[in-house]
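All remarks here apply to the structure that follows.
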Amino acid sequence: MLLVKHLQTNWKVFVFFGILFCKPSQTTMGNNPYYQLFRKHPITQMERYFSMEGWEQRISGLNSEEQNFVQEMNRIDGITDLPEAENELNPWKERLSTVRKSLPNSVNTILDRSLFKVILCKNLGSSGLSSFVYDNTGPKGGVVFLDTKLLNQTANEWITQKR
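Count the sequence shown with our numbering and you get residues 1332 to 1494, in order.
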């Protein structure tokens, strides 16, 4: 139950600040190492995603393209962790279904429209990571990576971890 409560509280903040309110600059990014990664990597391209009922149904383990994206992001950030796929998806699907039921319809409507995928993995290098998804007119929404190993930790374990 602690995990469900933790996800309910932090999910809203993470999604709203990480995806909905952050907009990339319209100017050329110069030497910004993230610019090419976020604009050109296959996971950031809208045509990669298809619509499914409900954001909580768009859950998967880490595939090779997504793993490549995280490894490149970690390289830029100086993080040496190598992400691995989460194979036990059903408990997380159940938890996120519970989170959906706890959110107001207005929030779920926004997430249904703008959260294209929730990608579960272990050894992410952080508890979560997000990326925009673009079409030829600009950002349309995003994807979220969650480290299930870290999310399974107790609050005391989390606060004492040195990252």
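Backbone N, C-alpha and C define an ideal beta-carbon position, used for all residues, glycine too.
Keep in mind it's a predicted model, so treat the numbers as computed, not measured.
Please report the residue range of the alpha helix (DSSP H) in which SER1395 lies.
1395–1408
Does any C-beta atom of chain B lie closer than 8 Å to the C-beta of ILE1441?
No chain B appears in this structure, which consists of one protein chain only.
If the criterion is Cβ atoms closer than 8 Å, does the pair GLU1415 and LYS1453 meet it?
yes
How many angstroms separate the CA atom of GLY1472 from the CA atom of GLU1488?
32 Å
Report yes if the C-beta distance between TRP1396 and PRO1373 is below 8 Å; otherwise report no.
Checking the sequence, you will find Glu at residue 1396 rather than Trp. Taking 8 Å as the Cβ cut-off, GLU1396 and PRO1373 qualify as a contacting pair.
Below 8 Å CB to CB, which residues in the same chain sit around LEU1446 once its five sequence neighbours on both sides are set aside?
Excluding sequence neighbours, LEU1446 sits near VAL1346, ILE1350, TRP1386, ARG1389, GLY1472, GLY1473, VAL1474 and VAL1475.
Please check the pair ILE1407 and PRO1470, which I expect to be a contact at CB under 8 Å, by giving their CB distance rounded to whole angstroms.
About 19 Å; that fails the 8 Å criterion.
Which residue comes first and which comes last in the beta strand (DSSP E) that contains LEU1446?
1446–1453
Use the C-beta contact count for LEU1413: other C-beta atoms within 10 angstroms, 16 or more gives buried, fewer gives exposed.
exposed
On the premise that ASP1478 lies in contact with SER1458, defined as a C-beta separation below 8 Å, what is that separation, rounded to the nearest angstrom?
5 Å
Could you have a look at SER1458 and say whether DSSP puts it in helix, strand or coil?
In the structure shown, SER1458 sits in coil (DSSP, three-state: anything other than H, G, I, E or B).
Quick check on DSSP: helix, strand or coil for PHE1381?
coil
Can you name, in chain order, every residue of its own chain whose Cβ lies under 8 Å from the Cβ of GLN1402, other than the five neighbours on each side?
LEU1413 and PRO1414
Can you name, in chain order, every residue of its own chain whose Cβ lies under 6 Å from the Cβ of PHE1400, other than the five neighbours on each side?
HIS1372 and ILE1374
Suppose the cutoff is 8 Å on Cβ atoms and the five residues either side in sequence are ignored; what does the same chain contact list for ASN1418 look like?
GLY1392
Residues in the same chain with beta-carbon distance under 6 Å from LEU1442, minus the five sequence neighbours each way, listed in chain order, please.
So the list reads TRP1386, once near-sequence residues are dropped.
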